[in-house]
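Just below is one structure, and these are the notes that go with it.
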Amino acid sequence: MLCQELILSTFDFSPYQLGIPQQSGLMTVVPIFGADNKGKYTGPLTGLKLNRVTGYGSVELTNPADSGIAIVPLHIGYIQDGAQNHALCRSAFIAGGQKLMFEDACCVQQSQGGYLEGREQWFFILPVQLRLQALQLRGQKSYSKLWNAISHLNQQFNLPNRGHLEQIITRQRAFLTQYQSRFELLENQTGALFFLGDKLAGIEIAPTAAYFQEMWMPLVCFCYGTAAMYFEQKAGIVAEQQPAPFAASNLRELRFQLQQSRQKLQEQVLSQLAATPAEKFNVQEEERFCELRLQTAIGNNFAGQFVEDSGQLVYASLFAKPEYILSKNLTPLAAA
182 MLCQELILST FDFSPYQLGI PQQSGLMTVV PIFGADNKGK YTGPLTGLKL NRVTGYGSVE
242 LTNPADSGIA IVPLHIGYIQ DGAQNHALCR SAFIAGGQKL MFEDACCVQQ SQGGYLEGRE
302 QWFFILPVQL RLQALQLRGQ KSYSKLWNAI SHLNQQFNLP NRGHLEQIIT RQRAFLTQYQ
362 SRFELLENQT GALFFLGDKL AGIEIAPTAA YFQEMWMPLV CFCYGTAAMY FEQKAGIVAE
422 QQPAPFAASN LRELRFQLQQ SRQKLQEQVL SQLAATPAEK FNVQEEERFC ELRLQTAIGN
482 NFAGQFVEDS GQLVYASLFA KPEYILSKNL TPLAAA
């Protein structure tokens with residue numbers, strides 16, 4: 182399946198291929214395969230470290246590698262016991278051996294004191310419901326700027342009305358991390374399309390397969406998994422019942438029926454991509470590093486940031502706006 186089936190006309194997806202869709206509950210993930218720029222880029226876990234926090238809303242990251250460029254993932258956040266958890270509102274470039282201070286970071290744990298330190302920590306990507314507001318607040322120095330949005334999200338989950346994101350991503354971690362095992366990360370996979378019901382919810386593309394492997398759990402569990410959990414548990418949207426076992430009497434029939442089932446889901450994915458409203462983005466360049474260009478894209482229904490290397494797309498994190506996802510009742514993709 183060619184990735185150029187996408188209707189986001191600002192981007193050239195022709196070098197990418199779509200794999201076989203995978204589905205669990207209301208979420209469908211379509212693997213993306215593209216060029217693997219090994220050696221040029223460092224990963225967000227092995228090649229990017231939180232160095233220190235100098236004050237609430239001021240986070241310093243470092244690229245400890247001798248070589249290789251770190252593309253800071255859009256809306257990465259860090260969690261550490263006994264410290265105020267933080268998330269970033271934008272992406273950036275960090276060269277090997279260099280540090281970068283983000284003074285427009287946001288606190289995501291309203292009443293928790295203490296600074297994150299350069300010791301053991303784990304990272305997440307902001308839930309898709311919060312990403313538009315976080316992107317719009319990039320450059321604004323105010324550590325409390327996301328608390329109202331977090332409080333509203335907590336209310337949707339019938340949780341205390343306060344700016345504590347850990348009420349969801351930490352206390353619901355056991356449930357959310359199930360999505361990591363429900364979907365399979367494939368060899369050489371460099372990205373994915375994420376559907377919530379019949380709505381395209383996100384496009385995530387990494388510069389290398391190793392980079393995407395390190396992004397996989399934070400994306401599928403915390404970014405898109407949080408929304409899937411909400412729709413299934415709180416909004417009362419019921420996914421299609423578990424499929425009946427294949428009525429095959431031998432291995433040949435089983436293979437044929439499995440192929441038919443996969444083809445049906447693949448056709449539904451293409452149909453929903455075609456039904457996604459055509460999108461034209463307003464694009465603003467944010468940063469340059471050698472031949473790399475970091476740009477922000479905001480359209481009617483989608484927004485995010487992407488990186489081009491000499492005009493070739495190498496990184497993208499594009500997500501659906503909350504009002505688009507909620508514009509009508511979601512329909513499970515298999516029943517679309």
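Residue numbers (this note's numbering): 182 to 517. Built from N, CA and C at the ideal position, the CB exists for glycine as well. These numbers come from a predicted model, not from an experiment.
message = Quick check on H333: does DSSP put it in helix, strand or coil?
response = Looking at H333 - three-state DSSP - the assignment turns out to be helix.
8 Å CB neighbourhood of A246 in its chain, flanking five on each side removed = T223, G228, G277 and G278
task = Taking N218 as the reference, give the member of Y392, Y296 and G263 with the closest Cα.
result = Nearest in C-alpha terms to N218, of all of Y392, Y296 and G263, is Y392.
message = Going by C-alpha to C-alpha distance, which of F194, S195 and I201 sits closest to Q441?
response = Of the candidates F194, S195 and I201, the one whose C-alpha sits nearest the C-alpha of Q441 is I201.
query = Alpha carbon to alpha carbon, how far is F192 from R312?
reply = 20 Å
ask   = In chain order, what residues of the same chain lie with their CB nearer than 6 Å to the CB of P503, ignoring the 5 residues before and after it?
value = For P503, where only same-chain residues beyond five positions count, the Cβ hits under 6 Å are Q310.
request  = For D379, count neighbouring C-beta atoms within 10 Å of its own C-beta (all shown protein chains included) and say buried if the count is 16 or more, exposed if not.
outcome  = buried
inquiry  = DSSP three-state label for T371, please.
reply    = coil
query = From Q204 to L242, what does the alpha carbon distance come to, in whole angstroms?
reply = Near 35 Å, if we compare the C-alpha coordinates of L242 and Q204.
ask   = When burial is assigned at 16 or more other CB atoms within 10 Å of the CB, is S491 buried or exposed?
value = exposed
ask   = For Y392, which of helix, strand or coil comes out of DSSP?
value = In this structure, DSSP gives Y392 a helical state, which the three-state scheme calls helix.
query = How long is the line joining the alpha carbons of A517 and A355, rounded to whole angstroms?
reply = Confidence is the limiting factor: at A517 the pLDDT is only 45, short of 50, which leaves the residue's position unreliable and the question unanswerable from this model.
task = May I ask which residues mark the beginning and end of the beta strand (DSSP E) holding E489?
result = F483 to D490
query = Quick one: what does DSSP say T407 is sitting in, helix, strand or coil?
reply = helix
key: Backbone CA spacing between S239 and H333 [nearest angstrom]   = 24 Å
query = Among P308, S292, G249 and A315, which one has its Cα closest to the Cα of A286?
reply = A315
request  = Answer with yes or no whether the minimum CB distance from A268 to chain D is below 7 Å.
outcome  = Considering every chain present, this structure includes no chain D. It has just one protein chain.
Element boundaries [beta strand (DSSP E), containing P503] = That residue, P503, is in no beta strand (DSSP E); its alpha helix (DSSP H) goes P503 to I506.
message = Which same chain residues end up closer than 7 Å to E466 when comparing Cβ atoms and leaving out the 5 residues on each side of it in sequence?
response = R474 and Q476
ask   = Unbroken alpha helix (DSSP H) runs of length 4 or more, entirely within the stretch 263-334: which are they?
value = 309-317
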